[in-house]
Amino acid sequence: MERELARTPSPTPTELAEINAPLYDLTRWKRKEAWLKWRLVPWYIVIIVLVTGATLLTVFNKEIIAFIQPAAVWLHTRPQKFGWIIPVALLVILSFPPLFGHGVIAIVCGIVWGLGVGFALVCIGTLLGEIANYYAFKSCCRGRAEKLEENRPYYACLARVVRTGGFKVALMVRLSAIPSHFATAVFATCGMKMWVFLLAAVLSLPKQFVIVYLGVILNDASRDDADAAKDKSNKTERIISDIVAAASVLVTIGSLWWINRELKRVKPSVMADRRRARLAALRRQVSDPEMVMFAATQVYATPETALASSASAVMVSQPVPLVLAEDRRLHVA
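The sequence shown lines up with residues 1 to 333 when you count with the UniProt record's numbering.
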């Protein structure tokens with residue numbers, strides 16, 4: 001029996017199809033029925049809200065900043081000792097998905113506190129928020145992530161890439177345009193170590209520096225009455241924004257390409273581990289007398305004949321057919 005069960009089971013037809021299938025099956029989205037499902041309505045609402053908010057922040061950023069600037073100045077002048085706690089607290093709260101708005105708070109910090117202090121406040125709020133986000137998802141969603149890893153091959157491959165890639169994966173994702181708080185949730189549930197995540201978060205903070213600097217430029221432009229100075233500031237702002245956007249797009253494309261390549265690389269080993277897990281479960285069933293009785297009752301009509309047949313099967317080591325997966329059977333002595 002040990003010799004029969006030592007071999008890793010062959011892939012089932014479903015697993016063979018999953019191994020040979022592309023990671024992203026886009027063909028099903030060609031059908032109209034795939035889009036018209038009630039379970040997708042919340043996702044549509046979230047996407048519409050995010051796109052609308054990002055568009056408003058991009059088009060009317062100066063108007064929004066001018067509207068909130070009096071309140072921001074009040075934070076800096078009135079409670080002189082504790083006003084800085086408010087933007088830090090807002091950054092921590094906005095670190096939990098699906099909330100967003102880090103960029104607006106970072107720009108406000110640049111307007112009110114300047115480049116040095118503003119960047120320090122953004123760093124503190126960002127790190128505290130990401131750490132809280134990491135531990136929240138690790139403690140509350142770990143069980144759900146383990147079930148997804150058992151049942152979803154794609155998520156199992158992603159978890160394997162995150163664990164084996166380590167620091168490289170964390171840094172590339174955080175430097176890309178992928179929202180950092182969503183990436184933190186994935187890292188936490190996939191089992192990334194805390195020190196790896198924290199080091200990548202610290203090294204990706206220069207992204208926040210650029211956003212704070214944009215706030216400083218906007219503040220300088222609003223204070224200067226000369227049209228030439230305003231035009232120069234606006235031109236500098238546009239150049240910096242374009243450079244940051246282009247760099248983010250390039251890093252994002254490179255990160256997604258590399259992660260997709262790693263997912264394809266680990267896919268065969270993940271499928272092999274799933275088959276080994278199925279073999280271990282089969283061993284536990286065979287070694288359990290109750291499971292032998294259960295298998296016998298599935299074949300024979302009455303409990304008496306099932307009991308006699310199962311006892312004789314154990315005495316003479318007659319093979320008992322157990323369903324392995326779909327149309328495949330493994331005869332275990």
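From the three backbone atoms N, C-alpha and C, an ideal C-beta is built for every residue, glycine too. Since we're looking at a predicted model, the values are computed, not measured.
If only complete runs of 4 or more residues are kept, the UniProt domain "VTT" (102–215) shows the alpha helix (DSSP H) at 102–140, 142–151, 153–165, 167–175, 180–190 and 194–203, in order along the chain.
The beta carbon of residue 68 sits closer than 7 Å to those of 108, all from its chain and outside the five residues before and after it, given in chain order. Taking one beta carbon from each stretch, the segment 119–131 and the segment 90–100 have 3 or more pairs nearer than 8 Å; the two touch. Taking C-alpha positions only, residue 48 is separated from residue 257 by approximately 26 Å.
DSSP places residue 35 inside the alpha helix (DSSP H), whose first and last residues are 32–35.
Residue environment: residue 110 is assigned as buried (16 or more neighbouring CB atoms within 10 Å of its CB, all protein chains considered).
Only residues of its own chain outside the window of five on either side were considered, and among them 35 have a CB closer than 8 Å to the CB of residue 29, listed in chain order. Judged by beta-carbon spacing, residue 269 lies beyond the 8 Å limit of residue 176, meaning their Cβ atoms are not closer than that value.
Annotation for residue 193: 166 place their beta carbon closer than 8 Å to its own, counting only its chain and skipping 5 residues before and after. Apart from sequence neighbours up to five positions away, the residues of its chain that approach residue 89 with a beta-carbon distance below 8 Å are 125, ordered along the chain.
Distance between residue 106 and residue 265, taken at the CA atoms: about 39 Å. The three-state secondary structure of residue 83, taken from DSSP, is coil. If you compare the alpha carbons of 142, 158 and 51 with that of residue 267, the shortest gap goes to 158. In this structure, the beta-carbon distance from residue 135 to residue 184 does not fall below 8 Å.
When the Cα atoms are used, residue 52 and residue 38 turn out to be separated by approximately 22 Å.
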